[in-house]
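A short worksheet on the structure shown next.
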Amino acid sequence: MTTIEHFDFQSKDTVCSDEHRHLMSLLTRKSERFQEISKFHSVQNVSKTQLDDEDSFMSVVYKITVTFSNDMSVEYCLKVPTCDKMSHLGKNEFYPILCLIHNKECDFYEKFQKIDNLNLPKTYAIKRLTPEDHNGFILMEFVKGRCVPVEESLNLQQLLNAADQMALVLNYSINDKENTEDPEYQQYNIAGSDAESFKSMKKPIMEYVGSTEETKNLKNLIKKLGRILEDPDYIDFIVAKAHLQYEVPSLLCHGDLWSNNLFFDGDAVKAIIDWQSFSAGNPTQDLVRLLILNCSPEIRRNHDETVYRRCYDTLTKLQGKPLSFTFENFLRSARVHYLYQIYLGLYILTHKYSKTSKELQRKVFIDRMEQGIIDSLALIESDEQLRAFM
Numbered sequence: 609m610t611t612i613e614h615f616d617f618q619s620k621d622t623v624c625s626d627e628h629r630h631l632m633s634l635l636t637r638k639s640e641r642f643q644e645i646s647k648f649h650s651v652q653n654v655s656k657t658q659l660d661d662e663d664s665f666m667s668v669v670y671k672i673t674v675t676f677s678n679d680m681s682v683e684y685c686l687k688v689p690t691c692d693k694m695s696h697l698g699k700n701e702f703y704p705i706l707c708l709i710h711n712k713e714c715d716f717y718e719k720f721q722k723i724d725n726l727n728l729p730k731t732y733a734i735k736r737l738t739p740e741d742h743n744g745f746i747l748m749e750f751v752k753g754r755c756v757p758v759e760e761s762l763n764l765q766q767l768l769n770a771a772d773q774m775a776l777v778l779n780y781s782i783n784d785k786e787n788t789e790d791p792e793y794q795q796y797n798i799a800g801s802d803a804e805s806f807k808s809m810k811k812p813i814m815e816y817v818g819s820t821e822e823t824k825n826l827k828n829l830i831k832k833l834g835r836i837l838e839d840p841d842y843i844d845f846i847v848a849k850a851h852l853q854y855e856v857p858s859l860l861c862h863g864d865l866w867s868n869n870l871f872f873d874g875d876a877v878k879a880i881i882d883w884q885s886f887s888a889g890n891p892t893q894d895l896v897r898l899l900i901l902n903c904s905p906e907i908r909r910n911h912d913e914t915v916y917r918r919c920y921d922t923l924t925k926l927q928g929k930p931l932s933f934t935f936e937n938f939l940r941s942a943r944v945h946y947l948y949q950i951y952l953g954l955y956i957l958t959h960k961y962s963k964t965s966k967e968l969q970r971k972v973f974i975d976r977m978e979q980g981i982i983d984s985l986a987l988i989e990s991d992e993q994l995r996a997f998m
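Read left to right, the sequence shown gives residues 609 to 998 (this note's numbering).
Now the structure itself:
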């Protein structure tokens, strides 16, 4: 992989002469497919098409298509970080956050592509953002697969395959204490502390769920949680401490794993993208998010323990010895973490699916959040420590 310090890919749907020249040089050195075809056929055209991704707030993604004289073509993905979609914030205010996010993703692709059998897109070049240089990018393989839409549910086999992939990351983390314990990879929140973030998130959530008849039941369920979702001590407990109390260590995780970041070929995981939140924390968090956000309540209730067991057993096999923590405590860590992911789901519902055009997704998401809260209330009722926060 190449780090490029002095070249800018522009956020526009054309390929200028400098970009063309630089791409040719880069792909000649880094892309085996490009090398194979270009030995016998000349490049006839290079196009750049912006992909329609309304879920991406901090980047613009392009498909680069290189067409040869024999009409064969090779496609690449170009991800360009941008503040343009965050117009409600001042660029000077948001840019440091953008730097953090983009540069952490660059770090991941530079340092962690060596995780054996982890399905990642091949990365050809990266350029970090700096206070002086606002033109970063990641040039990678264009992944052809399917992201399961939020209105659908992941099936059991897809979840099991995702669990196998997450076990690979956890195994790497156990074996690499240096990176796992590095302060740079400790769990973080880009908007500040989790307690501060959640307090600021609660107002728009409550305003939204109180504004429409279809969210009336959801609002009543949220109220039953009392102060549990804004209490700093509780947020700190479920995010950073609960799993440690259950003797489950903090391990490196994707940190933002949901269906938008998972490409499937049938039920097989083709690739996992968007690693900018890669950090150490509750090792069940990635699977918890998938089960809460991207599964029907029926799938989650019927199969969540099976999914966690698959991850635990795969990790045990990879380690070649018993783990330092029991499956029961691994499962308990996951169940406590549900509330954290539910609250993030409420935020996504408020800001992404409250639009009139998102009626189907909204109805599905409301049901998942309602059922998730119902199950979490039952968990809280059965746990004296959790009840103390009500």
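Positions of the beta carbon are idealized from the N, C-alpha and C atoms, including for glycine.
Between residue i and the rest of its own chain, which residues show a CB-CB distance below 6 angstroms, the 5 nearest in sequence each way excluded?
i, result
"residue 931", "924"
"residue 586", "Residue 586 cannot be examined here, being either before or after the span of the chain that is shown, 609 to 998."
"residue 712", "884"
"residue 779", "923, 926"
"residue 628", "654"
"residue 736", "711, 714, 744"
"residue 863", "885, 886, 887"
Please report the distance separating the alpha-carbon of residue i from that of residue j.
i, j, result
"residue 743", "residue 632", "19 angstroms"
"residue 999", "residue 626", "Examination of residue 999 is not possible in this model, given that the chain is present from 609 through 998 alone."
"residue 922", "residue 939", "15 angstroms"
"residue 902", "residue 987", "21 angstroms"
"residue 848", "residue 824", "31 angstroms"
"residue 817", "residue 835", "17 angstroms"
"residue 881", "residue 991", "36 angstroms"
"residue 706", "residue 789", "24 angstroms"
"residue 645", "residue 718", "27 angstroms"
"residue 721", "residue 776", "12 angstroms"
"residue 792", "residue 678", "48 angstroms"
"residue 963", "residue 926", "44 angstroms"
"residue 761", "residue 813", "24 angstroms"
"residue 650", "residue 642", "10 angstroms"
"residue 983", "residue 971", "19 angstroms"
"residue 979", "residue 933", "29 angstroms"
"residue 867", "residue 894", "11 angstroms"
"residue 898", "residue 637", "37 angstroms"
"residue 683", "residue 755", "18 angstroms"
"residue 993", "residue 907", "28 angstroms"
"residue 886", "residue 809", "22 angstroms"
"residue 981", "residue 749", "39 angstroms"
"residue 698", "residue 657", "Reliability fails at residue 698, whose pLDDT of 48 lies under 50, so the model's placement of it is uncertain and the value that follows must be treated cautiously. Cα-Cα distance, rounded: 27 angstroms."
"residue 630", "residue 869", "28 angstroms"
"residue 910", "residue 958", "27 angstroms"
Over what stretch of residues does the alpha helix (DSSP H) that includes residue i continue unbroken?
i, result
"residue 752", "Unbroken run through residue 752: none, as it is neither H nor E."
"residue 832", "824 to 832"
"residue 999", "Nothing in the structure corresponds to residue 999, since the chain is present only between 609 and 998."
"residue 642", "640 to 646"
"residue 941", "935 to 960"
"residue 669", "Residue 669 -> not in any alpha helix (DSSP H); beta strand (DSSP E) instead, spanning 667 to 676."
"residue 781", "764 to 783"
"residue 721", "Element bounds for residue 721: n/a, residue is neither H nor E."
Might you give, ordered along the chain, the residues of its own chain that have their beta carbon closer than 7 angstroms to the beta carbon of residue i, omitting 5 neighbours on each side?
i, result
"residue 878", "727, 751, 753, 871, 872"
"residue 798", "A caution first: residue 798 carries a pLDDT of 48, below 50, which makes its placement in the model too unreliable to give a value."
"residue 941", "850, 851, 854, 856, 890, 892"
"residue 961", "969, 970, 973"
"residue 948", "846, 847"
Closest to residue i by CA distance: which of the options is it?
i, options, result
"residue 811", "830, 656, 853, 825", "830"
"residue 690", "674, 708, 677, 963", "708"
"residue 953", "896, 712, 765", "896"
"residue 936", "971, 819, 973, 855", "855"
"residue 655", "971, 670, 756, 814", "670"
"residue 731", "737, 724, 745, 739", "745"
"residue 740", "883, 704, 910", "704"
"residue 912", "684, 672, 771", "771"
"residue 845", "944, 960, 972, 949", "944"
"residue 659", "966, 685, 714", "685"
"residue 676", "666, 687, 657, 647", "647"
"residue 757", "640, 904, 822", "904"
"residue 916", "773, 956, 652, 723", "773"
"residue 977", "784, 822, 688", "822"
"residue 688", "667, 680, 673", "667"
"residue 929", "681, 783, 910", "783"
Just reading off the beta strand (DSSP E) that residue i is part of, what are its end residues?
i, result
"residue 871", "870 to 873"
"residue 1067", "Because residue 1067 is not part of the residues shown, which for the chain are 609 to 998, the question remains open."
"residue 732", "731 to 735"
"residue 889", "887 to 889"
"residue 652", "651 to 658"
"residue 877", "876 to 880"
Using C-beta distances below 8 angstroms, list every residue in its chain close to residue i, excluding the 5 sequence neighbours before and after it, in chain order.
i, result
"residue 995", "988, 989"
"residue 875", "763, 765, 766, 769"
"residue 985", "829, 832, 833"
"residue 966", "960"
Does any residue of chain E bring its CB to less than 9 angstroms from the CB of residue i?
i, result
"residue 794", "Annotation note: the requested chain E is absent from the structure, which comprises a single protein chain."
For a test of your reading of the model: does the CB of residue i fall under 8 angstroms from any non-hydrogen atom of the ligand NAP? Yes or no.
i, result
"residue 919", "Absent from the structure shown: the ligand NAP. Ligands present: none."
Length at least 3, wholly inside the stretch 842 to 867: the beta strand (DSSP E) runs in chain order: Scanning the stretch 842 to 867 from its first residue to its last, the whole beta strand (DSSP E) runs of 3-plus residues come out as 859 to 861.
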